[in-house]
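**Student:**
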Amino acid sequence: MKLAGKVAIVTGTSPNIGGGIAEGLADEGATVVCVDVVADNAIRCADWITKRGGQALGIAGDVTDEGQVAAMVARVRDTYGRVDVLVNNAGILGGQSVLEMELERWNRQLAVNLTGTFLCTKHVARVMVERGTRGSIIVIVSTAGHQGQAGNIGYCTSKSGLLNFTRAAAMDLVRHGIRVNSLTPTATDVEEGLARAAGWGRARPEPRGRALDFQKMLPMDRLPSPRHYAKAAVFLASDDAEMITGLDLRVDAGALAKYWPWIPHA
Ligand SMILES: NC(=O)c1ccc[n+]([C@@H]2O[C@H](COP(=O)([O-])OP(=O)(O)OC[C@H]3O[C@@H](n4cnc5c(N)ncnc54)[C@H](O)[C@@H]3O)[C@@H](O)[C@H]2O)c1
Numbered sequence: 011m012k013l014a015g016k017v018a019i020v021t022g023t024s025p026n027i028g029g030g031i032a033e034g035l036a037d038e039g040a041t042v043v044c045v046d047v048v049a050d051n052a053i054r055c056a057d058w059i060t061k062r063g064g065q066a067l068g069i070a071g072d073v074t075d076e077g078q079v080a081a082m083v084a085r086v087r088d089t090y091g092r093v094d095v096l097v098n099n100a101g102i103l104g105g106q107s108v109l110e111m112e113l114e115r116w117n118r119q120l121a122v123n124l125t126g127t128f129l130c131t132k133h134v135a136r137v138m139v140e141r142g143t144r145g146s147i148i149v150i151v152s153t154a155g156h157q158g159q160a161g162n163i164g165y166c167t168s169k170s171g172l173l174n175f176t177r178a179a180a181m182d183l184v185r186h187g188i189r190v191n192s193l194t195p196t197a198t199d200v201e202e203g204l205a206r207a208a209g210w211g212r213a214r215p216e217p218r219g220r221a222l223d224f225q226k227m228l229p230m231d232r233l234p235s236p237r238h239y240a241k242a243a244v245f246l247a248s249d250d251a252e253m254i255t256g257l258d259l260r261v262d263a264g265a266l267a268k269y270w271p272w273i274p275h276a
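The opening residue of the sequence shown carries number 11 in this note's numbering; numbering runs sequentially from there.
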């Protein structure tokens, strides 16, 4: 068990990536606090972990609201006495082009993706400093944060901002022994999230097609699943990564390493 005795907060615990990371941390012995603006995602994720024999607590909350973030972190500190790991995963995906993007939608996407990560990092890091915890903070980015994707201006901008947020926060916190790293997922296989949703008692939604053929363009011939991100998050959270800070760990099946015109599976 790589995370035995550690307390982790994961934001955005839908049955997809956040739920997968929460489950993966719990499987390595962490007590996991599942935080989501949709209360049912927070509660069901925690219940699922508990049913599988782990320790978890679900807290409903909006990461863009500083009062709610401060109260959530204080509750975790008061309940468990410490916070060792934060995974900033809550996010709003998708969007519009720069020509169409409405200001309200832009503001909300940047608020959740960027400001939410800032607020959670600020309040969790304060508790880590107060308690002398040599913690690990992980920021979930996206391959869209490394590249310009058409029709996704707010998402690309916010995810790119998180890459340098990670490096700057890593420098702010290094003297406290707190490590900050990002993890870059890419287009993700949906089967695992659907299976987890079914395990949570949810009906299977209608399958949705994808506009782009991701698999054809990916050097490895399959899309990653949340469990693959979870393994990388466990590594970054654990003492195995004790000398790693300010890094972006890409779990993208080779997507960003690829020479752009090459189509591996044409
Ligand atoms: N799905 C992908 O293919 C993919 C690829 C690369 C990166 N990512 C990143 O992974 C993360 C999770 O993606 P996902 O596919 O699981 O998305 P998802 O929509 O299933 O989950 C996002 C969760 O964040 C929660 N959330 C939204 N706003 C919130 C707020 N203000 N406060 C608290 N929680 C809030 C939502 O309720 C939801 O449960 C995101 O940061 C996303 O950008 C996803």
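Glycine included, C-beta positions come from ideal geometry on N, C-alpha and C. Owing to the predicted nature of the structure, the values given are computational and were not obtained by experimental measurement.
Leaving out the 5 sequence neighbours to the left and right, which residues in its chain are closer than 8 Å to aspartate 258 when beta-carbon positions are compared?
**Tutor:** Val151, Leu173, Thr176, Asn191, Ser192, Leu193, Thr194
**Student:** Taking the CB atoms as reference points, tell me whether asparagine 98 and isoleucine 27 lie closer together than 8 Å.
**Tutor:** no
**Student:** In the DSSP assignment, find the unbroken beta strand (DSSP E) run with serine 146 in it and report its ends.
**Tutor:** 146 to 150
**Student:** So if DSSP puts glutamine 65 in a beta bridge, which residue, or which two residues, is it bridged to?
**Tutor:** Answer is Thr41, bridged to glutamine 65.
**Student:** Quick check: the stretch 151 to 163 against the stretch 105 to 116, are at least 3 beta-carbon pairs closer than 8 Å?
**Tutor:** yes
**Student:** When the Cα atoms are used, what is the spatial distance from aspartate 249 to cysteine 130?
**Tutor:** 22 Å
**Student:** With a threshold of 8 Å on Cβ separation, who are the neighbours of glutamate 201 within its own chain once the five nearest residues in sequence on each side are excluded?
**Tutor:** Ser235
**Student:** In terms of alpha-carbon separation, which member of Val95, Asp88, Ile69 lies closest to valine 244?
**Tutor:** Val95
**Student:** Can you name the residues that DSSP bridges to aspartate 258?
**Tutor:** Ser192
**Student:** What is the rounded straight-line gap between the Cα of lysine 294 and the Cα of lysine 61?
**Tutor:** This structure leaves residue 294 out entirely; the chain is present only between 11 and 276.
**Student:** Note down, one range per segment and in chain order, each alpha helix (DSSP H) of at least 4 residues found wholly within the stretch 116 to 178.
**Tutor:** 126 to 141, all fully within the stretch 116 to 178.
**Student:** Starting from the N-terminal end, write out each residue whose C-beta falls within a distance shorter than 6 Å of any non-hydrogen atom of ligand 1.
**Tutor:** The answer, residue by residue, is Thr21, Gly22, Ser24, Asn26, Ile27, Gly28, Asp46, Val47, Val48, Asn51, Asp72, Val73, Thr74, Asn99, Ala100, Gly101, Ile102, Leu103, Val122, Gly126, Ile150, Ser152, Pro195, Thr196, Ala197, Thr198.
**Student:** Tell me which residues share the same chain as serine 24 and place their Cβ nearer than 6 Å to its Cβ, disregarding the 5 neighbours each side in the sequence.
**Tutor:** Here the set comprises Asn51.
**Student:** Where does methionine 11 land, buried or exposed, given buried means 16+ other C-beta within 10 angstroms?
**Tutor:** exposed
**Student:** Rounded to whole angstroms, how far is the Cβ of threonine 255 from the Cβ of arginine 185, which I believe are closer than 8 Å?
**Tutor:** At roughly 11 Å, the Cβ-Cβ gap does not stay under 8 Å, so threonine 255 and arginine 185 are not in contact.
**Student:** Express the C-alpha separation of arginine 141 and arginine 232 in angstroms, rounding to a whole number.
**Tutor:** 43 Å
**Student:** Do the CB positions of alanine 70 and alanine 49 come within less than 8 Å of each other?
**Tutor:** With respect to alanine 49, alanine 70 sits close: the two C-beta atoms are nearer than 8 Å.
**Student:** Using only the alpha-carbon positions, how far apart do glutamine 225 and alanine 205 sit?
**Tutor:** 21 Å
**Student:** Using the C-alpha atoms, what's the distance from threonine 74 back to tryptophan 272?
**Tutor:** 40 Å
**Student:** Report back the beta-carbon spacing between valine 137 and valine 79 to the nearest angstrom; my notes put them in contact at under 8 Å.
**Tutor:** Actually they are not in contact, since the Cβ atoms of valine 137 and valine 79 sit about 12 Å apart, beyond 8 Å.
**Student:** Quick check on DSSP: helix, strand or coil for valine 73?
**Tutor:** coil
**Student:** What residues in its chain sit with their C-beta under 6 Å from that of glutamate 76, if we drop five residues either side in the sequence?
**Tutor:** Leu129
**Student:** Within the continuous alpha helix (DSSP H) that includes valine 244, where are the two ends?
**Tutor:** 236 to 247
**Student:** Measure from the alpha carbon of threonine 21 to the alpha carbon of each residue in Ala263, Gly101, Val45, then state which is nearest.
**Tutor:** Val45
**Student:** Mind checking glycine 211: buried by the 16 CB within 10 Å criterion, or exposed?
**Tutor:** That one is exposed.
**Student:** Out of Gly171, Ile19, Ala180, Glu252, which one is the CA nearest neighbour of arginine 87?
**Tutor:** Comparing Cα-Cα distances from arginine 87 to each of Gly171, Ile19, Ala180, Glu252, the minimum goes to Ile19.
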